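So in numbering that gives the first Met the number 0, spot 45 of the sequence shown is number 44, and the numbers just go up one at a time.
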Amino acid sequence: MSKLRVGLLFGGRSVEHEVSIASAGSIFRALDPTRYEVHLVAIDQDGRWHLAPPALPPQASIAGAEVQLPAVPGRAALVPVDAGDARPVTELDVVFPIVHGRGGEDGALQGLLELAGVAYVGSGVLGSAIQMDKEVSKRLLCAAGLPLLPWQLVTARELERDPAGAAARVLDALPLPVFVKPANLGSSVGIHRVREAGGLPDALRDAARYDAKLLVEQGIPARDLEVALLGDDPVEASVVGEIRTQREFYDYEAKYVDEDTELLVPAPIDDAVAEELRAAAIRAYHALEGRGLARVDFLMHRDTGEFYVNEMNSLPGFTDGSMYPRLFEASGVPYPALLDRLIELALEWHRRQSRLETLYRR
Ligand SMILES: Nc1ncnc2c1ncn2[C@@H]1O[C@H](COP(=O)(O)OP(=O)(O)O)[C@@H](O)[C@H]1O
Ligand SMILES: [Mg+2]
């Protein structure tokens with residue numbers, strides 16, 4: 000049996016570039032070399048693609064020759080950018096895009112993969128775009144009847160026009176403390192917890208450095224609980240995990256710097272509550288057009304025990320120590336089997352899509 004040719008895409012123009020490299024490293028090491036021929040493609044901070052020479056780890060790929068994926072259906076192949084480059088094209092059967100953040104996780108890359116006609120792991124254009132945008136997500140989750148913390152939208156335009164008015168409107172609608180967030184980002188970058196009214200304008204200004212759309216949300220004393228999802232129909236929900244940090248909230252340092260951030264798998268919660276969270280996670284997955292995989296994150300009020308959907312991530316962190324793989328490991332799906340399953344799902348979806356009529360035959 001010939002090996003399946005997998006393009007492992009990682010890096011990208013985002014604050015999560017390094018995280019993505021770490022995820023790609025774990026995936027690369029775990030993909031069974033007897034089944035897969037893996038081609039590593041690093042996307043640099045300028046958005047250019049580099050194909051690694053065979054058998055080198057992801058960190059080395061950035062030095063590889065520059066390639067592109069032409070948006071031409073029929074043959075998904077990486078071709079050298081330099082016309083004089085005599086290197087052969089690299090054909091792919093499936094792409095595993097483990098690129099976080101804008102340009103990778105927001106549907107843009109998925110759009111290119113669609114146009115190139117290649118199977119790929121994870122949500123499609125629509126699902127990726129929706130899940131990336133915390134504000135659109137909220138509207139859809141709200142329509143699906145899922146529990147959410149109250150929020151207000153502030154646009155960068157509004158902030159430029161009338162900063163005091165924007166802050167006053169928000170404070171009128173929400174009790175303090177509040178969380179200010181860029182709508183389309185991750186890794187807690189640009190997120191502020193605001194305790195006093197006077198701190199809101201600065202927080203809004205800072206968040207506006209990252210996005211034209213900001214979210215202000217009622218803040219609660221919260222536990223961070225997460226559920227991993229796998230599959231399309233049926234979709235499988237993992238055990239629930241919890242993140243514990245010594246910090247005020249799960250910020251950038253807690254995610255990537257602190258040594259004492261704990262991932263509890265499974266979370267110490269009642270079985271009945273865990274079941275409710277899993278059911279809510281599946282509903283969120285459907286509401287936000289999830290495909291292949293996603294992680295749904297919840298906030299649980301420390302005093303009342305009530306829970307709220309916080310956000311959904313279409314391409315969660317994927318190092319072997321990350322929450323997503325650990326949740327499935329604890330649910331009976333070891334890391335290499337998880338990768339096999341994700342690739343199978345991508346191929347299966349692609350086969351289904353390829354069978355759809357593109358002509359109207361009367
Ligand atoms: N409304 C809130 N109340 C309490 N804590 C919050 C709230 N919103 C976010 N947080 C904390 O901030 C962290 C990061 O926020 P989140 O919306 O998940 O952004 P990101 O997409 O960057 O992960 C959460 O994991 C949680 O610890
Ligand atoms: Mg988060």
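Note that CB positions come from ideal geometry on N, CA and C, so glycine has one too.
Just so it is clear, the structure is predicted and the values come from calculations on it, not from any experiment.
Secondary structure at residue 213, three-state DSSP: helix, strand or coil? By one-based count along the sequence shown, residue 213 stands at place 214. Here residue 213 sits in strand by DSSP.
Whether or not the region 130–137 and the region 94–114 are in contact is what I'm after, with contact meaning three or more pairs of Cβ atoms, one per stretch, closer than 8 angstroms; do they touch? They touch, by the three-pair rule.
Just to confirm the assignment, what range does the alpha helix (DSSP H) spanning residue 129 have? Locating residue 129 in the sequence shown gives position 130, counting from the first residue. Where residue 129 is concerned, the enclosing alpha helix (DSSP H) stretches over 124–131.
With a threshold of 8 angstroms, are at least 3 pairs of Cβ atoms found where one atom belongs to the region 191–200 and the other to the region 259–278? With a cut-off of 8 angstroms, the region 259–278 and the region 191–200 do not count as touching, because too few Cβ pairs lie within range.
Say yes only if the C-beta of residue 310 is nearer than 8 angstroms to one or more non-hydrogen atoms of ligand 1, and no if none qualify. Translated into positions along the sequence shown, residue 310 becomes position 311. Yes, the Cβ of residue 310 comes within 8 angstroms of a heavy atom of ligand 1.
Contact defined as beta carbons within less than 8 angstroms: I believe residue 212 pairs with residue 182. What is the distance between those atoms, to the nearest angstrom? As a first step, residue 212 must be located in the sequence shown, where it is residue number 213. As a first step, residue 182 must be located in the sequence shown, where it is residue number 183. Contact holds; Cβ gap of about 4 angstroms.
Give the single residue among 206, 225 and 167 whose Cα lies nearest to the Cα of residue 197. Taking the first residue of the sequence shown as 1, we reach residue 197 at position 198. Nearest C-alpha to residue 197: 167.
Consult DSSP for residue 2 and reduce its assignment to one of helix, strand or coil. Here residue 2 refers to the residue found at position 3 of the sequence shown. If DSSP states are grouped into helix, strand and coil, residue 2 belongs with coil.
With DSSP run on the structure shown, which of helix, strand or coil describes residue 282? Your numbering for residue 282 matches position 283 in the sequence shown. Residue 282: helix per DSSP, three-state reduction.
Check: residue 201 C-beta below 8 angstroms from any heavy atom of ligand 2: One-based indexing of the sequence shown puts residue 201 at position 202. It does not: the Cβ of residue 201 is nowhere closer than 8 angstroms to a heavy atom of ligand 2.
Bridge partner(s) assigned by DSSP for residue 40: Within the sequence shown, residue 40 is the residue found at index 41, counting from 1. Paired residues: 8 and 50.
Jot down the residue ranges of each uninterrupted beta strand (DSSP E) in the region 302–331, minimum 3 residues, whole runs only, in chain order. Fully enclosed beta strand (DSSP E) runs of 3 or longer: 306–312.
Among residues of its own chain, excluding the 5 on either side of residue 260, which ones have a beta-carbon nearer than 6 angstroms to its beta-carbon? To locate residue 260, count along the sequence shown from 1; it is residue 261. Closer than 6 angstroms at Cβ, skipping near neighbours: 244 and 253.
Candidates 18, 114, 337 and 205, of which the one nearest residue 97 by Cα: Locating residue 97 in the sequence shown gives position 98, where the first residue counts as 1. Answer by Cα proximity: 18.
Just checking residue 188 against ligand 1 - is the residue's beta carbon closer than 8 angstroms to any of the ligand's heavy atoms? As a first step, residue 188 is located in the sequence shown; it is residue number 189 there, counting from the start. Yes, ligand 1 has a heavy atom inside 8 angstroms of this Cβ.
Option nearest residue 148 by Cα separation, candidates 344, 348, 330 and 310: Here residue 148 is taken as the residue at index 149 of the sequence shown, counted from 1. Of the candidates 344, 348, 330 and 310, the residue whose Cα lies closest to the Cα of residue 148 is 310.
Within 8 angstroms: the Cβ of residue 171 and any heavy atom of ligand 2? Numbered from its first residue, the sequence shown carries residue 171 at position 172. Not one heavy atom of ligand 2 lies closer than 8 angstroms to the C-beta of residue 171.
Counterpart residues of residue 150 in DSSP-defined beta bridges: In the sequence shown, the residue the question calls residue 150 occupies position 151. Within the DSSP secondary-structure output, residue 150 pairs in a beta bridge with 216.
Using DSSP's beta-bridge definition, name the partner residues of residue 179. Position 180 of the sequence shown, counting from 1, holds the residue named residue 179. DSSP lists 191 and 215 as partners of residue 179.
In the structure shown, what three-state DSSP assignment does residue 242 receive? Start at 1 with the first residue of the sequence shown, and residue 242 comes out as number 243. If DSSP states are grouped into helix, strand and coil, residue 242 belongs with the strands.
Spatial neighbours of residue 248 within its chain, please: C-beta separation below 7 angstroms, excluding the five flanking residues on both sides. Start at 1 with the first residue of the sequence shown, and residue 248 comes out as number 249. Cβ neighbours of residue 248 beyond the five flanking positions: 192.
beta-carbon residue 185 near ligand 2 non-hydrogen atom, thresh 8 angstroms: Stepping through the sequence shown from its first residue, residue 185 is reached at position 186. Yes.
Which same chain residues, not among the five before or five after residue 306, have their C-beta less than 6 angstroms away from its C-beta? In the sequence shown, counting from the first residue as 1, residue 306 sits at position 307. Contacts found: 297 and 299.
With residue 171 as the anchor, note down where its beta strand (DSSP E) starts and where it stops. Residue mapping note: residue 171 aligns to position 172 of the sequence shown, counting from 1. For residue 171, no beta strand (DSSP E) run applies; the uninterrupted alpha helix (DSSP H) run containing it begins and ends at 162–172, by DSSP.
Among 288, 77, 272 and 316, the one whose alpha carbon lies nearest that of residue 303: Here residue 303 is taken as the residue at index 304 of the sequence shown, counted from 1. Closest by alpha carbon: 272.
Can you check the region 76–141 for any alpha helix (DSSP H) of at least 4 residues that lies completely inside it and give the ranges in chain order? Unbroken alpha helix (DSSP H) runs of no fewer than 4 residues, entirely contained in the region 76–141, are found at 107–114 and 124–131, following chain order.
Can you give me the Cβ contacts of residue 156 inside the same chain, cut-off strictly under 8 angstroms, excluding the 5 residues immediately before and after it? As a position in the sequence shown, residue 156 is number 157, starting the count at 1. The residues are 211.
Classify residue 70 as buried or exposed, calling it buried when 16 or more other Cβ atoms lie within 10 Å of its own Cβ. In the sequence shown, residue 70 corresponds to position 71, counting from 1. Only exposed fits residue 70, as fewer than 16 other CB atoms lie within 10 angstroms of its CB.
When you compare each of 232, 68 and 84 to residue 77 by their alpha carbons, which one comes out closest? Against the sequence shown, residue 77 aligns to sequence position 78. The shortest CA-to-CA distance from residue 77 to any of 232, 68 and 84 is the one to 68.
Quick check: is any heavy atom of ligand 1 less than 8 angstroms from the C-beta of residue 280? Residue 280 sits at position 281 when you count from the first residue of the sequence shown. No, since every heavy atom of ligand 1 falls outside the 8 angstroms radius drawn around the Cβ of residue 280.
CA nearest to the CA of residue 119, picked from 89, 4 and 27: Taking the sequence shown and counting its residues from 1, the one referred to as residue 119 is at position 120. Per the C-alpha coordinates, the member of 89, 4 and 27 positioned closest to residue 119 is 4.
Would you check if the region 59–68 and the region 25–45 touch, i.e. whether three or more CB-CB distances between them fall below 8 angstroms? Contact between the region 25–45 and the region 59–68 is present, because at least three Cβ pairs lie under 8 angstroms.
So, helix, strand or coil for residue 237, using DSSP? Locating residue 237 in the sequence shown gives position 238, counting from the first residue. Strand at residue 237.
Ignoring anything shorter than 3 residues or poking outside the region 242–267, list the beta strand (DSSP E) runs there in chain order. Counting whole runs of 3 or more residues, the region 242–267 contains the beta strand (DSSP E) stretches 261–263.
Can you name, in chain order, every residue of its own chain whose Cβ lies under 6 angstroms from the Cβ of residue 100, other than the five neighbours on each side? Residue numbering aside, residue 100 sits at position 101 when the sequence shown is read from its first letter. These residues qualify, in order along the chain: 13, 15 and 185.
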